[in-house]
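Note that the sequence shown covers residues 6 to 144 in our numbering. For glycine and all other residues, C-beta sits at the position ideal for the given N, C-alpha and C. Beneath this line is the structure, given in structure tokens, with notes to follow.
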Amino acid sequence: MMKLATVILSFVAFMLSSSSFAQCDSIANSCQAHIAEHYISDGQVYRSLLSGDDVAEFQTTLFGGNTYRIAVCSGINDSNLIFRLSDQEHNLLFSNTDYDKAPYWDFYVENTMSVSIEVLLDSTRKDSGCAVVVIGFKK
């Protein structure tokens with residue numbers, strides 16, 4: 006009897022996590038719309054399930070001489086996420102809180118640099134959800 010309960014609980018947990026990742030796939034597809042026709046996706050979709058004060062951190066390299074668009078999405082409405090871009094020394098380069106929580110921003114990168122993208126939910130709009138980050142570079 007105990008084994009049956011364990012199997013049922015495992016199945017329910019698997020189904021809930023699969024449903025969450027399916028939701029992330031849907032959000033990722035809609036977030037790609039922010040990578041307009043003038044940008045090419047870098048092929049990566051960064052995702053994280055967030056709740057409360059969770060912060061997701063993604064690392065990437067931006068190559069000098071390029072203009073990048075970084076878009077963040079959570080759900081069907083824009084501006085549910087706060088994102089910050091920092092260099093390797095943790096110097097803040099950009100925060101969308103300074104721009105009415107814009108869902109995307111364009112960056113010209115003069116020199117190649119490794120950056121950190123931190124994403125968290127705007128607690129006044131959402132208390133949990135899937136955070137998606139997509140990056141494109143100008144054609």
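Residues in the same chain with beta-carbon distance under 7 Å from residue i, minus the five sequence neighbours each way, listed in chain order, please.
i: residue 95; result: none
i: residue 92; result: 98, 118 and 120
i: residue 43; result: 143 and 144
i: residue 116; result: 69
Which two residues bound the contiguous beta strand (DSSP E) that contains residue i?
i: residue 76; result: 71-78
i: residue 48; result: 44-56
i: residue 111; result: 109-114
i: residue 128; result: Element bounds for residue 128: n/a, residue is neither H nor E.
What would DSSP say about residue i, mapped onto helix, strand or coil?
i: residue 136; result: strand
i: residue 65; result: strand
i: residue 31; result: helix
i: residue 103; result: helix
Please work out which residues of its chain come closer than 6 Å, Cβ to Cβ, to residue i, disregarding the five sequence neighbours upstream and downstream, and give them in chain order.
i: residue 131; result: 85
Can you check whether the CB of residue j is closer than 8 Å to the CB of residue i?
i: residue 61; j: residue 124; result: yes
i: residue 114; j: residue 52; result: no
i: residue 133; j: residue 56; result: yes
i: residue 76; j: residue 122; result: no
Taking all protein chains shown into account, decide if residue i is buried (16 or more other Cβ within 10 angstroms of its Cβ) or exposed.
i: residue 38; result: exposed
i: residue 141; result: buried
i: residue 101; result: buried
Which same chain residues end up closer than 8 Å to residue i when comparing Cβ atoms and leaving out the 5 residues on each side of it in sequence?
i: residue 72; result: 111, 112, 113, 114, 142 and 143
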